[in-house]
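Before any comments, here is the structure.
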Amino acid sequence: EAGVAQSPRYKIIEKRQSVAFWCNPISGHATLYWYQQILGQGPKLLIQFQNNGVVDDSQLPKDRFSAERLKGVDSTLKIQPAKLEDSAVYLCASSPGTSGGVGDEQFFGPGTRLTVL
Amino acid sequence: AQSVTQPDIHITVSEGASLELRCNYSYGATPYLFWYVQSPGQGLQLLLKYFSGDTLVQGIKGFEAEFKRSQSSFNLRKPSVHWSDAAEYFCAVGARDNQGGKLIFGQGTELSVKP
Chain A
-16 EAGVAQSPRY KIIEKRQSVA FWCNPISGHA TLYWYQQILG QGPKLLIQFQ NNGVVDDSQL
44 PKDRFSAERL KGVDSTLKIQ PAKLEDSAVY LCASSPGTSG GVGDEQFFGP GTRLTVL
Chain B
359 AQSVTQPDIH ITVSEGASLE LRCNYSYGAT PYLFWYVQSP GQGLQLLLKY FSGDTLVQGI
419 KGFEAEFKRS QSSFNLRKPS VHWSDAAEYF CAVGARDNQG GKLIFGQGTE LSVKP
């Protein structure tokens, strides 16, 4: 079974530029998560999708971050414009979502390491 | 609000020695509890999880964890550490109510293994 795929693996941009990350979850998984992991910290949830609907985006900085999950499969996370403090690893995870994700094991992708100069 | 504290930022143990990584949580009821491991450049891999029942949970790679409600703790243990266990370990809590499976992670404990 293929795992969660993410691209690119690394990205370096200058502040005020825009950037986009892509995630392909495990086939059949209804729930998709985007986490931000700043160096030295644990992952923090940015947004959760159930199929193509948003369940939780309370910690997404909506003035600069956006995310979508078209057709309930792949997802993209965009930052525009980027700030220095956005330097982090962006992790995508998916879970079966049979109970809306509650109690599910989440399967994580390798992440995208973003450096903002 | 839910929170997770991992008091030890970095731990070093000798290969073959026993290991205990501490995790304390704050939650109004009994949460779902997880331990994940992250190797350099890799995503997080689930080691074990506690939902209910037996408070001693067995996981992969010889790890176990014990849920202690009175202490709000979920410490991870391994009787004999291997060099390949060197990685970052994250404790996480998940709500049992209708919050969609959101996980709150601790800040992580980095494990180094001495030969």
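Order-wise, the sequence lines are chains A and B.
Going by our numbering, 17 is the number at position 34 of the first sequence; the sequence numbering is gapless.
When you read off a place in the second sequence, starting at 1, and then add 358, the result is the number in our numbering.
Backbone N, C-alpha and C fix where the C-beta goes; we use that ideal spot for every residue, glycine too.
Everything numeric in this text was worked out from a predicted model, so none of it was measured.
_Buried or exposed by the 16-neighbour rule on C-beta atoms within 10 Å, applied to residue 412/B_ = Residue environment: residue 412/B is assigned as exposed (fewer than 16 neighbouring CB atoms within 10 Å of its CB, all protein chains considered).
*My guess is that residue 71/A and residue 31/A are in contact by the Cβ rule of under 8 Å, so how many angstroms apart are they, rounded?*
About 18 Å separates the two Cβ atoms, so there is no contact after all.
*Cross-chain neighbours of residue 377/B in chain A, by beta carbon under 8 Å*: Neighbours of residue 377/B on chain A: none; closest Cβ ~19 Å, over 8 Å.
*What is the C-beta distance between residue 421/B and residue 436/B, in whole angstroms, given that I count them as a contact (C-beta under 8 Å)?*
That belief holds up - the Cβ atoms of residue 421/B and residue 436/B are roughly 5 Å apart, short of 8 Å.
*For the beta strand (DSSP E) that residue 66/A lies in, which residues bound it at each end?*
Per DSSP, residue 66/A lies in no beta strand (DSSP E) segment and is marked neither H nor E.
*May I ask you to verify whether the stretch 86 to 97 of chain A touches the stretch 29 to 46 of chain A, counting CB pairs closer than 8 Å and requiring at least 3?*
These segments do not touch.
*Taking Cβ-Cβ distances below 9 Å as the criterion, which residues of the stretch 396 to 409 of chain B are in contact with chain A?*
Correct list: 396, 399, 400, 401, 402, 403, 404, 407 and 409.
*Since residue 447/B is in the beta strand (DSSP E), which residue starts that stretch and which ends it?*
From DSSP, the beta strand (DSSP E) with residue 447/B extends over 445 to 452.
*asked:* Under 8 Å, Cβ to Cβ, is there at least one residue of chain B near residue 68/A?
replied: Not flagged as an interface residue toward chain B: residue 68/A, since no C-beta distance is shorter than 8 Å.
*Taking C-beta to C-beta, are residue 440/B and residue 373/B nearer than 8 Å?*
Contact check for residue 440/B against residue 373/B passes: the beta carbons are separated by less than 8 Å.
*asked:* If you follow the beta strand (DSSP E) that residue 45/A is in, where does it begin and where does it stop?
replied: Per DSSP, residue 45/A lies in no beta strand (DSSP E) and is assigned neither H nor E.
*Cβ of residue 73/A within 8 Å of Cβ of residue 5/A?*
Judged by beta-carbon spacing, residue 5/A lies beyond the 8 Å limit of residue 73/A, meaning their Cβ atoms are not closer than that value.
*Kindly list the residues whose CB is nearer than 6 Å to the CB of residue 382/B, restricted to its own chain and excluding five residues on each side of it in sequence; keep chain order.*
So the qualifying residues of the chain are 363, 430 and 431.
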